[in-house]
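The letter at position 27 of the sequence shown is residue 27 when you use full-length UniProt numbering, and the numbering goes up by one with no holes. Down below is the structure, laid out as structure tokens.
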Amino acid sequence: MPFLTDDQELIEASGALVLATGEVFFGYGCGAVGAAPAEICFNTAVTGYQEILTDPSYSGQIVVFTFPHVGNVGSNSDDHEESSPQAARAARGAIMRAPITSPSNWRAVDHFDAWMRKKGIVGLTGIDTRAITRRIRETGMVNGIIAHAEGETIKISDLKEQLAGFAGIEGTDLAAEVGPLARYSHTERNWEREAGYAPMGDEKYHVVVLDYGVKKNILRNLSEIGARCTILPGKSTAEDVMSLNPDGVVLSNGPGDPAATGVYAGPEIKKLIESGIPLLGICLGHQMLALALGAKTMKMPQGHHGANHPVKDLETGKVEIVSMNHGFTVNPDTLPEGVEQSHVSLFDGTNSGLRVAGKPIISVQHHPEASPGPQDSFYLFRRFGDLMDTHKAKVDA
């Protein structure tokens, strides 16, 4: 299973990574056989690799895991985050330092290598992940192509040609590729050891979620506060949303450039802002809400991808440990009057949340639904519930 270099040298390896800058890394292929061009990012989480690779926000990306040992909890049918068939394979590839370890967990039903193959995710091990991480930290995210060969010789020149055809993420609407094709409902709560994913109890709210690639745990945490969710495709209109008479609207996470998705989503979000309905934006939804309010977004050099990011809630002064996954950020210098920062990253001071004076609108850049151990941000869903309570009281008065 060799690779043929540009110098006509045969390299005995089953996997390779070619960067747009010309560097080539050889290792051992795993997961799905084939090649996948994407943007390369690194993730610092120690656990949650199945959730990461099925998070629709990673569409168009290859994930480099900085933790060297991946696979020891195997895979199962519960720990996946995609909510629609279109997002069944979120990340295009995964790169790990050590060979995938055998599962050793009571919930495991499959080896992680076999799971990746079934999901169509190309994998690569035996790579110096520290070198790639340092390169991204020093010079920014880079496009690349990951390849897993089986029984054939692959030319590096062919991989470079395929990579040249990858347009990149900036300026690209990826949300349309991972969102649902039709409306659906959700009433499932968070996982519990004895009950698993139990159905929601008493209904207190009806929430419409605009799905740009929503994670299941967002829907589950909404159910935890008593919200029955109706999920609509991201290209739905404000009229579609309001015809369902919701108590609140959630703008979900998703992949790609918010400015590109905002071309069609932005005008509809503006209408929702003007309607006075309570709004909660998360990740991509947060960024598009900011654009609709008049702010601007920008590409980050390396993005934030991990489960241990410190974020400060400026309203309470509390510091939370949160999960993040974003390559774009809201430029706080462009916030219009009446729009305030509610959260900031303590890693680099970038914006991590917004609130709108006099309106029931809040949003966060991080993922309040993620629980890699800490559940520090679950309160944001209760805060959203409080906004819906206040709004309902005004409407009923």
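Think of the CB as a built atom: it goes at the ideal place given N, C-alpha and C, for glycine as much as any other residue.
| said: Taking contact to mean 3 or more Cβ pairs, one atom from each stretch, closer than 8 Å, check whether the region 144-162 and the region 10-26 are in contact. | reply: Contact holds: three or more Cβ-Cβ distances are below 8 Å.
| task | Identify, in the order they occur along the chain, each residue of the same chain with its Cβ nearer than 8 Å to the Cβ of N143, setting aside the five sequence neighbours on each side. | result | Against the sequence shown, residue 143 aligns to sequence position 143. For N143, where only same-chain residues beyond five positions count, the Cβ hits under 8 Å are L19, A20, P37, A38, E39, I40, L163, F166 and G168.
| query | Taking the C-alpha atoms as reference points, what is the distance between S360 and T47? | reply | Looking up residue 360 in the sequence shown gives position 360. Looking up residue 47 in the sequence shown gives position 47. Checking the displayed sequence, the identity of residue 360 turns out to be Pro instead of Ser. Roughly 35 Å between the two C-alpha positions.
| I136 versus V322 - alpha carbon distance | Position 136 of the sequence shown, counted from the first residue, corresponds to residue 136. Position 322 of the sequence shown, counted from the first residue, corresponds to residue 322. Whole-angstrom Cα-Cα distance: 22 Å.
| said: Give the list of continuous beta strand (DSSP E) stretches no shorter than 3 residues that lie fully inside the region 44-82. | reply: If we require 3 residues or more, the beta strand (DSSP E) runs fully inside the region 44-82 come out as 61-65.
| query | Three-state secondary structure (DSSP) at W115? | reply | By one-based count along the sequence shown, residue 115 stands at place 115. Judged by DSSP in its simplified three-state form, W115 adopts helix.
| field | the region 386-393 contacting the region 335-342, beta-carbon criterion three pairs below 8 Å | value | In short, these stretches do not touch, since the Cβ pair count stays below three.
| request: Can you tell me which of G353, I62, V70 and L280 puts its alpha carbon nearest to the alpha carbon of V330? | output: By 1-based counting over the sequence shown, the position of residue 330 is 330. Among G353, I62, V70 and L280, the Cα nearest to that of V330 belongs to G353.
| said: Taking 7 Å as the limit between beta carbons, can you name the residues of its chain near K160, skipping five residues before and five after? | reply: Taking the sequence shown and counting its residues from 1, one reaches residue 160 at position 160. Within the same chain, K160 has close Cβ partners V18.
| message | My assumption, with CB atoms under 8 Å, is that P368 sits in contact with F381. Please give the rounded CB distance. | response | Sequence index remark: in the sequence shown, residue 368 carries index 368 (1-based). Sequence index remark: in the sequence shown, residue 381 carries index 381 (1-based). About 7 Å separates the beta carbon of P368 from that of F381, a gap short enough to meet the 8 Å contact definition.
| Endpoints, beta strand (DSSP E) assigned at I145 | Taking the first residue of the sequence shown as position 1, residue 145 is located at position 145. From DSSP, the beta strand (DSSP E) with I145 extends over V142 to H148.
| said: Taking the alpha-carbon of W191 as reference, which of L174, S223, D158 and R97 has the nearest alpha-carbon? | reply: As a working mapping, residue 191 is identified with position 191 in the sequence shown. Proximity to W191 across L174, S223, D158 and R97 peaks at S223, based on C-alpha coordinates.
| field | Bounding residues of the beta strand (DSSP E) (the contiguous stretch that carries R355) | value | Taking the first residue of the sequence shown as position 1, residue 355 is located at position 355. For R355, the enclosing beta strand (DSSP E) covers residues N351 to V356.
| said: In whole angstroms, give me the CA-to-CA distance for P374 and I127. | reply: Here residue 374 refers to the residue found at position 374 of the sequence shown. Here residue 127 refers to the residue found at position 127 of the sequence shown. In this model, P374 and I127 are separated by some 30 Å (Cα to Cα).
| query | Alpha carbon to alpha carbon, how far is V263 from Y184? | reply | Here residue 263 refers to the residue found at position 263 when the sequence shown is read from its first residue. Here residue 184 refers to the residue found at position 184 when the sequence shown is read from its first residue. CA-CA distance, V263 to Y184, rounds to 24 Å.
| said: So for L335, helix, strand or coil by DSSP? | reply: As a position in the sequence shown, residue 335 is number 335, starting the count at 1. Coil.
| query | Mind checking whether D55 and E12 have CB atoms under 9 Å apart? | reply | Against the sequence shown, residue 55 aligns to sequence position 55. Against the sequence shown, residue 12 aligns to sequence position 12. In this structure, E12 does not lie closer than 9 Å to D55 by Cβ.
| Do G34 and D113 have their C-beta atoms closer together than 9 Å? | Position 34 of the sequence shown, counted from the start, is the residue given in the question as residue 34. Position 113 of the sequence shown, counted from the start, is the residue given in the question as residue 113. With respect to D113, G34 sits apart: the two C-beta atoms are not nearer than 9 Å.
| Residue span of the beta strand (DSSP E) that contains A184, given as start and end | Here residue 184 corresponds to residue number 184 of the sequence shown, with the count starting at 1. The question names Ala, but residue 184 in the sequence shown is Tyr. Run containing Y184: Y184 to H186, per the beta strand (DSSP E) assignment.
| Between T129 and T66, is the Cβ-Cβ spacing less than 9 Å? | Position 129 of the sequence shown, counted from the start, is the residue given in the question as residue 129. Position 66 of the sequence shown, counted from the start, is the residue given in the question as residue 66. Yes, these two residues count as a Cβ contact at 9 Å.
| field | For M288 and P255, believed in contact at Cβ under 8 Å, the rounded distance | value | As a working mapping, residue 255 is identified with position 255 in the sequence shown. As a working mapping, residue 288 is identified with position 288 in the sequence shown. Rounded to the nearest angstrom, the Cβ distance from P255 to M288 is 12 Å, too far for a contact under 8 Å.
| query | So the beta strand (DSSP E) G168 belongs to, where does it begin and stop? | reply | As a first step, residue 168 is located in the sequence shown; it is residue number 168 there, counting from the start. Where G168 is concerned, there is no enclosing beta strand (DSSP E), given that its DSSP letter is neither H nor E.
| said: Assuming contact is defined by CB atoms lying nearer than 9 Å, are D173 and A260 in contact in what I supplied? | reply: Counting from one through the sequence shown, the residue named residue 173 turns up at place 173. Counting from one through the sequence shown, the residue named residue 260 turns up at place 260. It is a contact, given that the beta carbons lie within the stated cut-off.
| task | Go ahead and label V63 buried or exposed: buried means 16 or more other beta carbons lie within 10 angstroms of its beta carbon, across all protein chains shown. | result | Within the sequence shown, the letter at position 63 stands for residue 63. Answer is buried; the Cβ neighbour count reaches 16.
| Under three-state DSSP, which class holds Q287? | Residue numbering aside, residue 287 sits at position 287 when the sequence shown is read from its first letter. Looking at Q287 - three-state DSSP - the assignment turns out to be helix.
| said: Less than 9 Å between the C-beta atoms of A175 and Y205, yes or no? | reply: The residue labelled residue 175 in the question sits at position 175 within the sequence shown. The residue labelled residue 205 in the question sits at position 205 within the sequence shown. Going by C-beta atoms, A175 is not nearer than 9 Å to Y205.
| With 16 other Cβ atoms within 10 Å as the buried cut-off, status of W106 | Your numbering for residue 106 matches position 106 in the sequence shown. So W106 ends up on the exposed side.
| Nearest-angstrom Cα separation, counted from A295 out to S342 | Numbered from its first residue, the sequence shown carries residue 342 at position 342. Numbered from its first residue, the sequence shown carries residue 295 at position 295. Distance between the alpha carbons of S342 and A295 is about 15 Å.
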